[in-house]
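Residue numbers (this note's numbering), protein chains in the order written: chain B, 35 to 256; chain P, 25 to 419.
To keep things clear, I will list the structure first and then write my remarks on it.
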Amino acid sequence: MSEDQESILRVDWDIPRKIYPPKVVTLASGEKLVIREIERGEVPPILEAIRPLLTVEKDYYDIVSARVYAELLGWYRYRVKNEYCLIGVVNGELAGLVNNRLVNEKVCMSLHTLALKRGGRIGAHLFAAKQEHAIENYSVDEVWVTAESPIGFRRWMVEWSLQPRPDLQHELGGVTVYVLTKENYYKLKPQKVFGERPVPEELYKESLNPKIIIPDIIRQQE
Amino acid sequence: MLRQVAVIGCGMTKFGRHDGKTLLEIMVEASLRAIDDAKIGERDVDAVYVSTMLSGELSNQTALGSALVDQLGLMPAAAHRLENGPASGGSAVKNACMAVASGFCDLVLVTGGEKMRHISGDRITDLISTMVHPTAEYVHGVTLPALAAMFTRLYMHRYGLKREHLAKVAIKNHANALKNPYAHIHQPITIEGILYAKEAEVNNPLVADPLRLFDCCPVTDGAASVVLCAAEIAKEFCDTPVIVAGLGQATDTLAVHEREDPTLLKAVQVASQKAFKMAKLTPADMDLAELHDAFTILEIAESEDSGFFAKGTGHKALEEDVTSLGGKLPINPSGGLKARGHPVGATGVAQIVELTWQLRGEAGGRQVQGAEKAYCCNFGGFGNNVISFVLTRRN
Numbered sequence: 035m036s037e038d039q040e041s042i043l044r045v046d047w048d049i050p051r052k053i054y055p056p057k058v059v060t061l062a063s064g065e066k067l068v069i070r071e072i073e074r075g076e077v078p079p080i081l082e083a084i085r086p087l088l089t090v091e092k093d094y095y096d097i098v099s100a101r102v103y104a105e106l107l108g109w110y111r112y113r114v115k116n117e118y119c120l121i122g123v124v125n126g127e128l129a130g131l132v133n134n135r136l137v138n139e140k141v142c143m144s145l146h147t148l149a150l151k152r153g154g155r156i157g158a159h160l161f162a163a164k165q166e167h168a169i170e171n172y173s174v175d176e177v178w179v180t181a182e183s184p185i186g187f188r189r190w191m192v193e194w195s196l197q198p199r200p201d202l203q204h205e206l207g208g209v210t211v212y213v214l215t216k217e218n219y220y221k222l223k224p225q226k227v228f229g230e231r232p233v234p235e236e237l238y239k240e241s242l243n244p245k246i247i248i249p250d251i252i253r254q255q256e
Numbered sequence: 025m026l027r028q029v030a031v032i033g034c035g036m037t038k039f040g041r042h043d044g045k046t047l048l049e050i051m052v053e054a055s056l057r058a059i060d061d062a063k064i065g066e067r068d069v070d071a072v073y074v075s076t077m078l079s080g081e082l083s084n085q086t087a088l089g090s091a092l093v094d095q096l097g098l099m100p101a102a103a104h105r106l107e108n109g110p111a112s113g114g115s116a117v118k119n120a121c122m123a124v125a126s127g128f129c130d131l132v133l134v135t136g137g138e139k140m141r142h143i144s145g146d147r148i149t150d151l152i153s154t155m156v157h158p159t160a161e162y163v164h165g166v167t168l169p170a171l172a173a174m175f176t177r178l179y180m181h182r183y184g185l186k187r188e189h190l191a192k193v194a195i196k197n198h199a200n201a202l203k204n205p206y207a208h209i210h211q212p213i214t215i216e217g218i219l220y221a222k223e224a225e226v227n228n229p230l231v232a233d234p235l236r237l238f239d240c241c242p243v244t245d246g247a248a249s250v251v252l253c254a255a256e257i258a259k260e261f262c263d264t265p266v267i268v269a270g271l272g273q274a275t276d277t278l279a280v281h282e283r284e285d286p287t288l289l290k291a292v293q294v295a296s297q298k299a300f301k302m303a304k305l306t307p308a309d310m311d312l313a314e315l316h317d318a319f320t321i322l323e324i325a326e327s328e329d330s331g332f333f334a335k336g337t338g339h340k341a342l343e344e345d346v347t348s349l350g351g352k353l354p355i356n357p358s359g360g361l362k363a364r365g366h367p368v369g370a371t372g373v374a375q376i377v378e379l380t381w382q383l384r385g386e387a388g389g390r391q392v393q394g395a396e397k398a399y400c401c402n403f404g405g406f407g408n409n410v411i412s413f414v415l416t417r418r419n
């Protein structure tokens with residue numbers, strides 16, 4: 035492809051990017067979950083972690099992983115605007131990831147939450163962190179959320195008491211949008227958003243280049 | 025009993041989630057393991073007892089006794105399906121024991137199972153709740169977690185029980201389950217992570233105040249099976265038969281509020297007293313116990329009303345690690361319902377399986393050293409139908 039065409043196709047951030055300050059969360063097991071934002075160059079190994087899930091039908095892992103794979107690849111290849119991705123690392127292992135995309139300075143599109151280690155509420159902490167980033171750091175007014183699985187519906191729509199907004203369409207196939215407003219976020223924050231900052235240096239170092247594990251959903255099927 | 029009954033074989037599926045298999049298939053799997061373990065060869069099984077609470081509602085299959093006999097090729101064995109709420113498994117074992125003790129049967133198979141994970145939590149909670157009082161409780165939205173929560177509040181008020189005690193039951197049973205390859209939950213938990221850390225609000229969310237996620241058993245698929253025979257012929261099949269030395273069953277009011285003292289589990293008291301009396305043993309003789317900890321509070325309450333500790337002091341025994349593996353009376357070395365899991369119709373049978381493995385010295389990393397006498401309590405409804413067993417190792 036010529037450089038001219040690439041410059042036409044290429045998109046990147048068109049609003050000022052802000053980096054999520056990493057934090058550490060204590061899990062039920064007592065283990066520490068480090069949540070931090072990744073850079074574009076870290077995407078390839080994350081894609082490797084996701085790839086085995088593309089054909090796992092159980093709990094809708096196939097659709098969620100296929101879509102998040104495409105979204106991260108889109109970001110890596112400069113084909114998606116204003117996307118950010120946070121990862122969760124436990125004991126130096128990649129435990130899960132979440133991503134969002136800022137539509138503009140007022141609205142954030144909630145994309146996906148993918149837990150590789152299950153049963154530790156890692157997805158719940160990661161989901162809270164990505165909305166924390168959207169509302170507290172980017173100061174958007176609303177995050178538009180949807181779910182592809184019943185588990186996702188219970189975790190986000192029910193547990194966060196999100197309200198449906200049928201007048202809006204989510205960019206994930208035009209499904210119904212449930213809105214997390216700034217007001218509701220701050221109301222729920224004391225029960226939903228946790229973590230300590232700064233992350234102790236050793237723990238933070240451990241979260242760099244996390245080890246790619248066999249996701250629990252696959253390990254449990256073996 | 026007219027003649028003694030022995031457990032000569034046992035088997036289980038892993039408890040957890042069994043996508044792609046039917047309830048009947050997992051029952052067959054557990055049954056074949058028990059039959060192999062019993063080494064009964066070509067010997068005819070006289071009767072098959074199947075326990076399941078919700079097979080019609082959840083698996084669209086009824087009359088599972090007949091189906092299991094057919095699948096195992098055990099015709100013309102008599103076939104039964106028993107439904108007695110969460111005490112279905114205990115009921116099936118009890119009725120099978122009576123068939124053998126009476127001389128009506130020599131060799132019987134008991135298999136309990138349930139498939140529940142494919143149904144939403146809301147639907148499961150509602151279906152389980154259909155066993156509470158229909159007009160005094162159910163119509164008002166009372167669920168089992170709600171009953172357990174009110175029971176816990178009263179316990180806290182009356183006996184000084186604290187959240188830490190409930191958490192300690194969960195932590196202990198999760199730790200035990202890590203040593204049980206058949207357990208549903210293999211997840212270590214800590215007091216910091218589920219109670220003290222700020223994050224505990226998310227890690228361990230509220231279910232029914234004061235009960236939280238880790239106070240409640242999971243929804244589980246699984247099956248468990250035992251082969252029973254007359255003790256007099258048990259040595260023909262195995263070197264280490266386990267004797268059903270005592271059993272007892274009792275009921276209480278369906279509606280919990282009608283009990284004179286709602287914290288007193290009278291049916292547990294009566295059933296355990298009957299079991300100990302029949303066995304000519306006392307609670308102090310027991311080396312371990314499997315209790316029906318569908319909620320953490322129930323392990324504490326049942327440990328008292330079964331006769332192991334005075335009323336209101338079960339939590340103190342917990343504080344002193346009496347009930348931990350390595351303690352004087354390990355409770356729920358399998359992980360209990362809390363972490364081994366609770367496929368409702370299988371639970372009572374799984375308790376007998378665990379006691380048998382323990383008494384044979386085959387419980388692996390969770391083995392209670394030198395175990396010779398063991399007790400279990402299968403708790404139906406909210407304590408309105410309870411079956412207790414005392415098992416002993418025959419030397």
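Heads up, the beta-carbon is just placed ideally off N, CA and C, and yes, glycines get one too.
Terminal residues of the beta strand (DSSP E) in which V250/P lies: Within the second sequence, residue 250/P is the residue found at index 226, counting from 1. Unbroken beta strand (DSSP E) run through V250/P: 246 to 254.
7 angstroms Cβ cutoff met for A116/P and A248/P: Counting from one through the second sequence, the residue named residue 116/P turns up at place 92. Counting from one through the second sequence, the residue named residue 248/P turns up at place 224. Taking 7 angstroms as the Cβ cut-off, A116/P and A248/P do not qualify as a contacting pair.
As assigned by DSSP and simplified to three states, the class of P100/P: For the purposes of this step, residue 100/P is taken as residue 76 along the second sequence, with counting starting at 1. Coil, per DSSP.
For P79/B, the nearest candidate out of N243/B, I251/B, P249/B (CA to CA): Position 45 of the first sequence, counted from the first residue, corresponds to residue 79/B. Of the candidates N243/B, I251/B, P249/B, the one whose C-alpha sits nearest the C-alpha of P79/B is N243/B.
7 angstroms CB neighbourhood of A158/B in its chain, flanking five on each side removed: Position 124 of the first sequence holds residue 158/B. The residues are R189.
Cα-Cα separation between G229/B and V174/B, rounded to whole angstroms: In the first sequence, counting from the first residue as 1, residue 229/B sits at position 195. In the first sequence, counting from the first residue as 1, residue 174/B sits at position 140. Using only the alpha carbons, I get a separation of about 21 angstroms.
Chain P contacts from the segment 172 to 189 of chain B (Cβ-Cβ distance under 9 angstroms): P184, R188
DSSP beta-bridge partners of N108/P: For the purposes of this step, residue 108/P is identified with residue 84 of the second sequence, where counting begins at 1. DSSP output for N108/P lists P110/P as bridge partner(s).
Residue of D130/P, L379/P, F403/P minimising C-alpha distance to V392/P: Here residue 392/P corresponds to residue number 368 of the second sequence, with the count starting at 1. That would be L379/P, whose Cα lies nearest to the Cα of V392/P.
Sub-7 angstroms separation of G405/P and N108/P beta-carbons: For this step, residue 405/P is matched to residue 381 along the second sequence. For this step, residue 108/P is matched to residue 84 along the second sequence. The answer is no: Cβ separation not under 7 angstroms.
First and last residue of the uninterrupted beta strand (DSSP E) at R85/B: Indexing the first sequence from 1 puts residue 85/B at position 51. R85/B -> no beta strand (DSSP E), and no H or E assigned at all.
Alpha helix (DSSP H) runs contained entirely in the segment 181 to 234 of chain B, provided each spans 4 or more residues: 216 to 226
Cβ contact (3+ pairs, closer than 8 angstroms) linking the segment 226 to 235 of chain P and the segment 79 to 86 of chain P: no
Distance between Q211/P and H198/P (C-alpha atoms, nearest Å): For the purposes of this step, residue 198/P is taken as the residue at position 174 of the second sequence. For the purposes of this step, residue 211/P is taken as the residue at position 187 of the second sequence. Taking the straight line joining both Cα atoms gives about 6 angstroms.
Validate contact between the segment 41 to 51 of chain P and the segment 330 to 344 of chain P using beta carbons, cut 8 angstroms, 3 pairs: no
Range covered by the alpha helix (DSSP H) that runs through E105/B: Along the first sequence, one-based indexing puts residue 105/B at 71. That run of the alpha helix (DSSP H) goes 95 to 110.
Where the beta strand (DSSP E) containing I251/B begins and where it ends: Against the first sequence, residue 251/B aligns to sequence position 217. It is not in any beta strand (DSSP E) - I251/B instead sits in the alpha helix (DSSP H) that spans 250 to 253.
Chain B contact for P367/P (CB, 7 angstroms cutoff): Start at 1 with the first residue of the second sequence, and residue 367/P comes out as number 343. No, because no Cβ of chain B sits closer than 7 angstroms to the Cβ of P367/P.
Inter-residue spacing [alpha-carbon to alpha-carbon] between A30/P and A303/P: As a first step, residue 30/P is located in the second sequence; it is residue number 6 there, counting from the start. As a first step, residue 303/P is located in the second sequence; it is residue number 279 there, counting from the start. The straight-line gap from Cα to Cα measures roughly 13 angstroms.
Helix, strand or coil at I267/P according to DSSP, with G and I counted as helix: As a working note, residue 267/P is residue 243 in the second sequence. Of the three classes helix, strand and coil, the one that applies to I267/P here is strand, per DSSP.
Helix, strand or coil at V77/B according to DSSP, with G and I counted as helix: Here residue 77/B refers to the residue found at position 43 when the first sequence is read from its first residue. Three-state DSSP puts V77/B in a helix.
Any chain P beta carbon closer than 7 angstroms to S63/B: Here residue 63/B refers to the residue found at position 29 when the first sequence is read from its first residue. Answer yes: the Cβ-Cβ gap between S63/B and chain P drops below 7 angstroms somewhere.
Bridge-paired residues (DSSP) for A149/B: What you label residue 149/B is simply residue 115 of the first sequence in a count that begins at 1. Looking at the DSSP assignment, A149/B forms a beta bridge with G130/B.
Contact set for S412/P: own chain, Cβ-Cβ below 6 angstroms, skip 5 residues either direction: Residue 412/P sits at position 388 when you count from the first residue of the second sequence. Answer for S412/P: G272, A295, S296, A299, C401, listed in chain order.
Cα-Cα separation between F320/P and A172/P, rounded to whole angstroms: On the second sequence, position 296 is the one that residue 320/P refers to. On the second sequence, position 148 is the one that residue 172/P refers to. The sequence shown places Thr at residue 320/P, not Phe. So the two alpha carbons sit approximately 9 angstroms from each other.
Buried/exposed call for I355/P, threshold 16 Cβ in 10 Å: Here residue 355/P refers to the residue found at position 331 of the second sequence. Label assigned to I355/P: buried.
Chain P contact residues for K226/B, given Cβ-Cβ distances below 7 angstroms: As a first step, residue 226/B is located in the first sequence; it is residue number 192 there, counting from the start. Those within 7 angstroms of K226/B in chain P are V226.
Neighbourhood of I213/P by C-beta, 7 angstroms cutoff - its chain only, sequence neighbours within 5 removed: Residue 213/P sits at position 189 when you count from the first residue of the second sequence. If we look at I213/P and ignore the five residues flanking it on each side, its Cβ neighbours are A194, I195, H198, F238.
Proximal chain P residues relative to R155/B, where beta-carbon distance stays under 9 angstroms: Position 121 of the first sequence, counted from the start, is the residue given in the question as residue 155/B. Result: E223, V226, N227, N228, P229, L237.
The alpha helix (DSSP H) enclosing L342/P, as first and last residue numbers: Taking the second sequence and counting its residues from 1, one reaches residue 342/P at position 318. Residues 338 to 343.
Contact check, G217/P vs L61/B, beta carbons under 7 angstroms: The count along the second sequence starts at 1 and reaches residue 217/P at position 193. The count along the first sequence starts at 1 and reaches residue 61/B at position 27. The answer is yes: Cβ separation under 7 angstroms.
Inter-residue Cα distance where the pair is A387/P and N204/P: Position 363 of the second sequence holds residue 387/P. Position 180 of the second sequence holds residue 204/P. Between A387/P and N204/P, the C-alpha separation is close to 8 angstroms.
Spatial distance of V98/B from E223/P (CA atoms): In the first sequence, the residue the question calls residue 98/B occupies position 64. In the second sequence, the residue the question calls residue 223/P occupies position 199. For V98/B and E223/P, the distance between alpha carbons rounds to 26 angstroms.
Option nearest T167/P by Cα separation, candidates I376/P, Q28/P, F128/P, C240/P: Translated into the one-based positions of the second sequence, residue 167/P becomes position 143. It is C240/P.
Local conformation of A380/P per DSSP, three classes: Counting from 1 along the second sequence, the entry for residue 380/P is found at position 356. Checking the displayed sequence, the identity of residue 380/P turns out to be Thr instead of Ala. Reduced to three states, the DSSP call for T380/P is helix.
Cβ-based contacts, 7 angstroms cut-off: residues of the segment 46 to 79 of chain B near chain P: V59, T60, L61, A62, S63, G64
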